[in-house]
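In order, the protein sequence lines correspond to chains A and B.
So for the first sequence, full-length UniProt numbering puts the first residue at 1; every next one is plus one.
So for the second sequence, full-length UniProt numbering puts the first residue at 1; every next one is plus one.
Cβ coordinates follow ideal geometry from the N, Cα and C atoms, glycine included.
Fair warning: this is a prediction, and the values are worked out from it, not measured in the lab.
The block underneath contains the structure these notes are about, expressed in structure tokens.
There are 2 protein chains.
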Amino acid sequence: MNLKEFANRLALSQTTVSRALSGYPEVKQATRERILKAALEYGYRPNTSALGLATGRVGAIGIVLKGGGEFGPHTSEFMGGLGGRLQQEEIDILVSTVDSQESELSTYRRLAASKRVDAVILHSPFLDDPRIALLNSLGLPFIVHGRTNSDGNFGWLDIDNFGAVRQSTSHLLDLGHRRIALLNGYRGRIFAEHRQDGYQTALSERGVAIDPALCGHGEFTDEMGFRLMQGFLKLDERPTAVIAGSMMSALGAMRAIRIAGMKVGEDISLIAHDDVFPYISPDHLVPTLSTTRSSIRAAGARIGEMVLELLQGTPAENLREVWPVELVIRNSTAAVKPA
Amino acid sequence: MNLKEFANRLALSQTTVSRALSGYPEVKQATRERILKAALEYGYRPNTSALGLATGRVGAIGIVLKGGGEFGPHTSEFMGGLGGRLQQEEIDILVSTVDSQESELSTYRRLAASKRVDAVILHSPFLDDPRIALLNSLGLPFIVHGRTNSDGNFGWLDIDNFGAVRQSTSHLLDLGHRRIALLNGYRGRIFAEHRQDGYQTALSERGVAIDPALCGHGEFTDEMGFRLMQGFLKLDERPTAVIAGSMMSALGAMRAIRIAGMKVGEDISLIAHDDVFPYISPDHLVPTLSTTRSSIRAAGARIGEMVLELLQGTPAENLREVWPVELVIRNSTAAVKPA
DNA sequence: CTGAAAGCGCTTACAG
DNA sequence: CTGAAAGCGCTTACAG
Chain A
1 MNLKEFANRL ALSQTTVSRA LSGYPEVKQA TRERILKAAL EYGYRPNTSA LGLATGRVGA
61 IGIVLKGGGE FGPHTSEFMG GLGGRLQQEE IDILVSTVDS QESELSTYRR LAASKRVDAV
121 ILHSPFLDDP RIALLNSLGL PFIVHGRTNS DGNFGWLDID NFGAVRQSTS HLLDLGHRRI
181 ALLNGYRGRI FAEHRQDGYQ TALSERGVAI DPALCGHGEF TDEMGFRLMQ GFLKLDERPT
241 AVIAGSMMSA LGAMRAIRIA GMKVGEDISL IAHDDVFPYI SPDHLVPTLS TTRSSIRAAG
301 ARIGEMVLEL LQGTPAENLR EVWPVELVIR NSTAAVKPA
Chain B
1 MNLKEFANRL ALSQTTVSRA LSGYPEVKQA TRERILKAAL EYGYRPNTSA LGLATGRVGA
61 IGIVLKGGGE FGPHTSEFMG GLGGRLQQEE IDILVSTVDS QESELSTYRR LAASKRVDAV
121 ILHSPFLDDP RIALLNSLGL PFIVHGRTNS DGNFGWLDID NFGAVRQSTS HLLDLGHRRI
181 ALLNGYRGRI FAEHRQDGYQ TALSERGVAI DPALCGHGEF TDEMGFRLMQ GFLKLDERPT
241 AVIAGSMMSA LGAMRAIRIA GMKVGEDISL IAHDDVFPYI SPDHLVPTLS TTRSSIRAAG
301 ARIGEMVLEL LQGTPAENLR EVWPVELVIR NSTAAVKPA
């Protein structure tokens, strides 16, 4: 059923019906109520394409994901939060899959030229990120999940990765550890750089030298945590403590430690960054896992809100947030064992 | 830039330009080439909303996810495959988040009434699924990932869950196991019922009684695998073998087994269903893990293709596939230890 | 092979 | 408070 037919049934003009449905003030209360009730009854909804043509707004927010690796648990949780917030305004998420950086850029061009979305969300930014300049030149509104050094006036939300790892490293130093390994993301990604900085800052503050052999880089998966940890354990002088970038890498690291015949929280201390996955809680591991905690789902929800604010006219420079990260001590961390 | 302006620059009519871009045959080859080249140069793309209004096709496929639990690794992999296939036709995935069965149904009504998508993908069907009847009555084309007993003419793709678990159970029986536990999904979901049937059939074939205490139900997560396995290990007569529903539950089960001081592949045999996650390979576990294998990413890609075929007019009854599942023996399965 | 024009289903200035 | 009509940017029957 389209507006014409729906208005006819009510013996009203399309104008009045449209205004009532859009919440415009100049409709008599009684008329509005009658229209709203009928819309529910007949299941009338404006055609999105027509609405998009007439208003320029399509009610969808875009996110571009690399088919290979970016459909993971972090993205899922983030999208759960994002979608949950957008759902309240009946805005959907448009996911475009790409297989390379190049096709990611051309996808933004496509989305902008065809006016397929009202805004996009950029994630996992690099130190200097070409996507920023592109989106600005396309005039496609966006919010960045993370930060970047790239020029441009845009909103973003990031967690304090620097502070998180600085805290966890300091805590391990307090416990007497000096050989502390870091399971980090790939270099070039801002969050990984920030974590590296936090790690190095904490070590430098105590005059502990940095050993590059203790810095691993990879995806935040069980398998990568396992493999990197196995590498650490093979070192002549193995670490006595590890900081894992995610719950997934922590699980992998714990497997490697156990298989090597050692105990987490006794032979090796472990702190993980916890993005708060509903299906894997640090309290239910054995031993319970000390973590730096920040809900990526909550970040997704807040970014959804920021996009809505952006589209309502809030200037991008007012949409910038750094979320603090909390260190939660549990049983996976202990004083270093005397040699 | 819109069509009018683009056509003006080329000194052609909108009609000719539109036809050239849509690949209609009645355009002179030279003209078409000139238009295609210019479109690339100027970055012209038809406005999706206008296209949607004019043609009734919007170039997006919908999928509705429950915000709570359905944004997980299985969904991610599936969507990676789906998106990868649809991307080739520049079709995007529209994700709508909901928080209940009820709001899922009303979301399908919204998507249909507002013509927001060309088709939807239904997943994790129940034995008798109200969504089927709704989508049929809405006239919204759809493909089901999984099967259902619900009436209605629709296409679907499913893996042979019955055969998979029947095979793994039989193999464990061949190895002399009689106490075999099953980490299954929630009852009511078709795939879980099929797996249960495969399990029971294999046991019955050998005259082995079914012990309900050995049948666990839950999400396919590390944590759920861990907790259910801990429960099994506390039984007076513990299982000597376990079939895990996913790699995630297998990892959790392995943790529980190790923490209990036992060895996988010696004290307890383990077979997992492997949906083939790129970041967790059964060959890299210790011990390597025997699995029943079927790529959920490949299923996503094929379902993307099936949706495209459906939209091109292939009758739904020609779009039905059951994929066989392969049992791969590795080192986590061994003959039962003499008591 | 090419073009002028109607129509897709809305919103929104403008008029009353 | 309500309505007639232009316009958003395409596609496509119809005419040539």
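The three-state reading of DSSP puts Asp222/A in helix, counting H, G and I together. Boundaries of the beta strand (DSSP E) harbouring Glu321/A: 320-323, taken from the DSSP string. For Ala298/A, same chain residues with a beta-carbon under 7 Å away, outside a window of 5 residues either side, are Gly81 in chain order.
Taking 9 Å as the upper bound on Cβ-Cβ separation, chain B lies near residues Leu82, Gly83, Gly84, Arg85, Leu86, Gln87, Glu90, Asp92, Ile93, Leu94, Val95, Ser96, Thr97, Val98, Asp99 of the stretch 82-99 of chain A. Met229/A places its beta carbon 8 Å or farther from that of Ile210/A. Linking Phe6/B to Gly163/A through their CA atoms gives a straight-line distance of about 52 Å. Not a single CB atom of chain A sits nearer than 8 Å to the CB of Arg195/B. Under the 8 Å criterion on CB atoms, Leu251/B is classed as interfacial with respect to chain A. If you ignore the 5 residues before and after His123/A, its C-beta comes within less than 7 Å of the C-beta of His145, Gly146, all in its own chain and listed in chain order. Taking C-beta separations shorter than 8 Å and ignoring five residues to either side along the sequence, the partners of Ala38/B in its chain run Phe6, Arg9, Leu10, Tyr44, following chain order. Beta-bridge analysis with DSSP links Ser96/A to Val64/A. Nearest C-alpha to His194/A among Asn149/A, Met1/A, Glu326/A, Glu89/A: Asn149/A. Here Lys115/A is buried, its C-beta having at least 16 other C-beta atoms within 10 Å.
One Cα belongs to Gln312/A, the other to Gly216/B, and the distance between them is close to 49 Å. Secondary structure remark: continuous beta strand (DSSP E) runs of at least 3 residues inside the stretch 152-221 of chain B, in chain order: 155-159, 180-184, 215-217. Cβ contact annotation for Leu233/A (same chain, cutoff 6 Å, sequence separation greater than five): Ala260, in chain order. In this structure, Ser96/A lies near Asp92/B, with their beta-carbon atoms less than 8 Å apart. The Cβ atoms of Gly67/B and Leu111/B do not sit closer than 8 Å to each other. Under the DSSP definition of a beta bridge, Leu327/B partners with Thr292/B. Excluding sequence positions up to five before and after Leu173/A, its CB lies within less than 8 Å of the CB of Ile180, Ala202, Leu203, Arg206, Val208, all in the same chain and listed in chain order. Under the 10 Å beta carbon count, Ile35/B is surrounded by 16 or more other beta carbons and is classified as buried. Take the alpha-carbon of Gln87/B and the one of Asp99/A: they are about 10 Å apart.
In the three-state DSSP reduction, Ser269/A falls in the strand class (E or B). In the same chain as Phe277/A, and ignoring 5 residues on each side of it, the C-beta atoms closer than 8 Å to its own belong to Pro73, Glu77, Met247, in chain order. The three-state reading of DSSP puts Ala335/B in coil, since its state is none of H, G, I, E or B. Taking 8 Å as the CB threshold, Val58/A lines the interface with chain B.
For Ile259/A, no beta strand (DSSP E) encloses it; the enclosing alpha helix (DSSP H) starts and ends at 247-259.
In the three-state DSSP reduction, Phe232/B falls in the helix class (H, G or I). Residue nearest to Ile121/A within the set Asp129/A, Phe142/A, Leu127/A is Phe142/A (criterion: CA-CA distance). Under the three-state reduction of DSSP output, Phe71/A falls in the coil class, being neither helix nor strand. Residues Asp118 of the same chain have their beta carbon placed closer than 6 Å to that of Arg57/B, with the five preceding and five following residues left out of the count. Contacts between Glu219/B and chain A, judged by CB atoms closer than 9 Å, involve Tyr279 in chain order.
DSSP places Ala7/A in the helix class (H, G or I) of the three-state scheme. Contact check for Ile271/A and Thr291/A: beta-carbon distance about 7 Å, within the 8 Å limit, so the pair qualifies.
Among the residues facing chain B, Glu223/A is included, as its CB has a counterpart in that chain under 8 Å away.
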